[in-house]
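*Asks:* Please find one structure pasted underneath; my questions will follow.
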Amino acid sequence: MNLLKIFRVVALLEGLSYILLLFLAVPIKYIWDDPTFVKMLGMPHGILFIVYIIMTFWIRPEMRWNTKQFLMILVASLIPFGTFYIDRRFLRIAN
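Residue 426 in this note's numbering sits at position 13 of the sequence shown; the count goes up by one each step and never skips.
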């Protein structure tokens with residue numbers, strides 16, 4: 414499996430974990446006072462976020478992203494559904 418495919422999987426999992434954390438776990442925590450899902454999803458999301466950031470730096474030379482593209486890809490990890498957009502816009506066409 415090449416680096417781009419691994420990055421795409423990490424981006425997908427990071428985006429999915431972020432959405433689950435933001436739209437499922439956090440509301441359950443504050444509406445029903447049950448932090449179980451935040452505890453369950455928080456650490457995996459944090460690890461996936463860090464791996465996504467590291468891999469973005471690692472794969473940049475291979476993908477030849479300019480500074481604007483590179484910053485967009487980094488910022489996308491902070492926006493819900495951002496990594497899905499990045500996959501469609503920058504990663505899928507590279508295959």
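Beta carbons: idealized from backbone N, C-alpha and C, even for Gly.
Since we're looking at a predicted model, the values are computed, not measured.
1. Please report the distance separating the alpha-carbon of E475 from that of I444.
2. Find the nearest neighbour of G495 within the set R421, L416, N415, L417, judged by alpha-carbon distance.
3. Assuming L429 contacts L454 (C-beta within less than 8 Å), just tell me the rounded distance between them.
4. Please go through the same chain and pick out, in chain order, the residues whose beta-carbon is closer than 7 Å to the beta-carbon of A489, but skip the five residues on each side of it.
5. If you draw a straight line from the alpha carbon of I486 to that of M456, how long is it in whole angstroms?
6. Less than 9 Å between the C-beta atoms of V423 and Y465, yes or no?
*Replies:* In terms of the structure at hand:
1. Here residue 475 refers to the residue found at position 62 when the sequence shown is read from its first residue. Here residue 444 refers to the residue found at position 31 when the sequence shown is read from its first residue. Cα to Cα, E475 sits roughly 45 Å from I444.
2. Working through the sequence shown from its first residue, we reach residue 495 at position 82. Nearest option by C-alpha distance: R421.
3. Within the sequence shown, residue 429 is the residue found at index 16, counting from 1. Within the sequence shown, residue 454 is the residue found at index 41, counting from 1. Going by Cβ atoms, the distance from L429 to L454 rounds to 10 Å, so no, they are not a contact pair.
4. Locating residue 489 in the sequence shown gives position 76, counting from the first residue. Excluding sequence neighbours, A489 sits near G495, T496, Y498, I499.
5. If you number the sequence shown from 1, residue 486 lands on position 73. If you number the sequence shown from 1, residue 456 lands on position 43. Going by the C-alpha atoms only, they are around 22 Å apart.
6. Along the sequence shown, one-based indexing puts residue 423 at 10. Along the sequence shown, one-based indexing puts residue 465 at 52. Inclusion of V423 and Y465 in the CB contact set at 9 Å is warranted, their separation being smaller than that value.
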